[in-house]
Each structure stands twice: as structure tokens, then as C-alpha cells.
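**Student:** Quick one: the structure is below, and I'll ask about it shortly.
2 protein chains.
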Amino acid sequence: MRIPNISDAEWEIMKLIWKSHPIASEEIINTLADKTSWSSRTIKTFINRLLKKGAIGFEKSGRSYVYYPLVSEKECVRAENSSFLERVYDGALGMLFSNFLEEENLSEKEIEKLQELLEKKKKQFSLRPKEK
Amino acid sequence: MRIPNISDAEWEIMKLIWKSHPIASEEIINTLADKTSWSSRTIKTFINRLLKKGAIGFEKSGRSYVYYPLVSEKECVRAENSSFLERVYDGALGMLFSNFLEEENLSEKEIEKLQELLEKKKKQFSLRPKEK
DNA sequence: CTGATAAGATTACATTTGTAAACGACATAA
DNA sequence: TTATGTCGTTTACAAATGTAATCTTATCAG
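Chains as they are written, first to last, in this note's numbering: chain A, 1 to 132; chain B, 1001 to 1132.
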């Protein structure tokens, strides 16, 4: 499964389709026209480009189409994570975390939640070296 | 200070200039030709585009130029962080951390380092509510 | 059934980006 | 002085991306 390159604007479309598929184009258009300043024609173009890229598929439903993803959100997020980490941080995960921690102004509560996450991660480590 | 949009390829140039400025074009070219498969002409184009964008400046030095950044790394990284967090995670920092933790396969040692980071962050919180 | 409307397909245009080649000028070496 | 090499500037081209308009066709409503 080849992960197509998804542009910034196209991410917005993909997120909606991942979240709400199968979804009719009318709904995509209504939702995103609200959220962004794109016209329906712009959104239709983005949809068609994603079709061409093989990122989404469709089924006819009356006069309209309903769309579904052909690539998993998980895989796309993973690819984007990697690309971002490499491009901005040369792969230095510690720096990424440190930077986000510094810049995004986490509340104390969010910090504690993250600590839980790390603790849980550590426990998984103890229980299973690596099963995957 | 307006942060210009820096393309993926241009990030590679900027990182080198931030790290080693002032730096001669010859050195930029030598370093990046090794690291990437770009030709010297390609690299020269990227340098010129960054000049046009106002991201870097230069000083003549003999027949060649030495370049320096006009925008701070910190600001550019911040902008890119925000953009990435919004685009892929709708601003959900917890999801971002959770995702990177899951996908990037941190060692136990790295987890502990992160825990230190969070602990330090928490302490800062206790000492100073907010001085900035 | 007919006409209108809307949905999808196609076309448009400008800018940005990736990857370079070509050109002009200056410095250096013979 | 001349020729060559190198450095920065300008030009080139294709694809990708952002933002749409226009066209065609099928469905739906009256």
C-alpha cells in the first residue's frame, strides 16, 4: 500500500472522511465550507485530486457519491510524523518533545496525563519486551 | 518579523545555516551535496529563493558570499510545530505525544529521560506560576 | 414527461516547489 | 594579455498545490 503525498489542504478533507465515512460530498462540502473559507468548487477539486491519488474511493448513491478512505489514517499520520520529525528535528525525538512542551504551554493537568502515558508505556515495556 | 513559508527542501538549507552561520555557499553546497542527491545548481536555487523570501541574508567575501539567517530557528520551528499540530492533530497535543510515543519506539532510557523532562516542567510550574 | 437543478468531470490560472541548465562577470593562472 | 574556471544570477521546465469557473449529464421535482 503506497501512501500518497497528501497536501496541507487535502489533510482537512482526509480527516473528515476518516472520521465520518462513508460520507456524501454534500456533507463534506457543507462541513468544510463552514470550517474554512473554501468554495464548493474548491472542495470538489480537492476531492477529485484525492481520488486521482488513490487516497479515497467512492460509491454512487443516487445522483451523488459517497466517499471512503483507501489509505488508513494511522499509516498517513505515521508517515507525516516521520517526515516532520526528520525535516524539523533531524530525527531527534527528545528535542521534539522538549520543544512542544515548551511552546505549547501545557497545563499541570495535561503534564500529569502525559506522565501517566509514559508510565503506562514503561509498564508495557516491562511486561512484553516486544511481541509485534 | 514575518515568518516566510519555508518548503521542505528549504528546511534542509535553513538548518545548516542556523547551525553554521556565517557560512559560505561553497560549504553549504559541499555539505548538502553529500547529504542529499542535489546538484550544486539545485542548492544555489534554494539559496536564492530563501534570499528572495527574506529568510537569509548575505555578505560579500571576496568573490563569494557568506550567508546568515534573518529569521530565528526558534520562531520557524514554533511556526512549523503549530502548523503540524493543527493539520494532523487538530491541535490535540496529547494525541500527538501519544502517537509519537507509540510509533517511534522509544527505548526505556529515552522514556525515563522524557519523564525527567516532564518532572522538570512540573517543578517550574510550582516555582513560578507564570512570569512571562 | 419535461425542465431545472445539482452533482461530478473537466478546464483554468497563478503560485509554489523540486530539480536543474545556462549565462555573465570576475578572478586567477599561464 | 588571454583563456579558463568558478561564483552568483537568471532562465527553464515540470509537477504539485491553492483556488476556482465552466461544462456535461443524470436525477429529481413538478
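In this text, a Cβ means the ideal position worked out from N, Cα and C, and glycines have one as well.
So, under 8 Å CB-CB, arginine 1087 of chain B and aspartate 8 of chain A are touching, yes? Tell me the CB distance rounded to an integer number of Å.
**Tutor:** As a working mapping, residue 1087 of chain B is identified with position 87 in the second sequence. As a working mapping, residue 8 of chain A is identified with position 8 in the first sequence. Going by Cβ atoms, the distance from arginine 1087 of chain B to aspartate 8 of chain A rounds to 6 Å, so yes, they are a contact pair.
**Student:** For tryptophan 18 of chain A, which residues of its own chain have a beta-carbon under 6 Å away from its beta-carbon, when the five flanking residues on both sides are left out?
**Tutor:** In the first sequence, counting from the first residue as 1, residue 18 of chain A sits at position 18. Once the five neighbours on either side are set aside, the close Cβ partners of tryptophan 18 of chain A are Pro69 and Glu73.
**Student:** I need the boundaries of the alpha helix (DSSP H) containing glycine 94 of chain A, first residue and last residue.
**Tutor:** As a working note, residue 94 of chain A is residue 94 in the first sequence. From DSSP, the alpha helix (DSSP H) with glycine 94 of chain A extends over 93-103.
**Student:** Run down chain B in chain order and give the residues with a C-beta less than 7 Å from the C-beta of phenylalanine 84 of chain A.
**Tutor:** As a working mapping, residue 84 of chain A is identified with position 84 in the first sequence. Under the 7 Å cutoff, chain B gives Phe1084.
**Student:** Might you give, ordered along the chain, the residues of its own chain that have their beta carbon closer than 8 Å to the beta carbon of leucine 16 of chain A, omitting 5 neighbours on each side?
**Tutor:** On the first sequence, residue 16 of chain A is found 16 positions in, with the first residue counted as 1. Cβ within range, chain order: Ile23, Ile28, Thr31 and Leu32.
**Student:** Under 7 Å Cβ-Cβ, which residues of chain A neighbour arginine 1078 of chain B?
**Tutor:** Residue mapping note: residue 1078 of chain B aligns to position 78 of the second sequence, counting from 1. The answer, in chain order, is Glu103.
**Student:** Can you tell me where the alpha helix (DSSP H) with valine 1066 of chain B in it begins and where it stops?
**Tutor:** To locate residue 1066 of chain B, count along the second sequence from 1; it is residue 66. Run containing valine 1066 of chain B: none in the alpha helix (DSSP H); it sits in the beta strand (DSSP E), 1064-1069.
**Student:** Nearest chain B C-beta to valine 71 of chain A closer than 9 Å, yes or no?
**Tutor:** Start at 1 with the first residue of the first sequence, and residue 71 of chain A comes out as number 71. Not an interface residue.
**Student:** Check whether the Cβ atoms of glutamate 117 of chain A and leucine 1096 of chain B lie closer than 9 Å to each other.
**Tutor:** For the purposes of this step, residue 117 of chain A is taken as the residue at position 117 of the first sequence. For the purposes of this step, residue 1096 of chain B is taken as the residue at position 96 of the second sequence. The sequence as given places leucine at residue 117 of chain A; glutamate does not occur at that position. No. Outside cutoff.
**Student:** Mind listing the chain B neighbours of glutamate 108 of chain A? Cutoff is C-beta to C-beta under 8 Å, in chain order.
**Tutor:** Residue mapping note: residue 108 of chain A aligns to position 108 of the first sequence, counting from 1. Those are Lys1122 and Phe1125, listed as they occur along chain B.
**Student:** Is there a Cβ of chain A sitting closer than 9 Å to that of glycine 1094 of chain B, yes or no?
**Tutor:** Reading the second sequence from its first residue, position 94 is the one you call residue 1094 of chain B. So yes, glycine 1094 of chain B belongs to the interface.
**Student:** Residues in the stretch 1019-1035 of chain B with C-beta within 9 Å of chain A's C-beta atoms, listed in sequence order?
**Tutor:** Listed by position along the chain: nothing, the set is empty.
**Student:** Please identify, using Cβ separations under 7 Å, the residues of the stretch 37-61 of chain A that lie next to chain B, in order along the chain.
**Tutor:** Residues passing the 7 Å Cβ filter: none.
**Student:** Return the chain-ordered ranges of every alpha helix (DSSP H) run that is complete within the stretch 16-85 of chain A and spans a minimum of 4 residues.
**Tutor:** If we require 4 residues or more, the alpha helix (DSSP H) runs fully inside the stretch 16-85 of chain A come out as 25-35 and 40-53.
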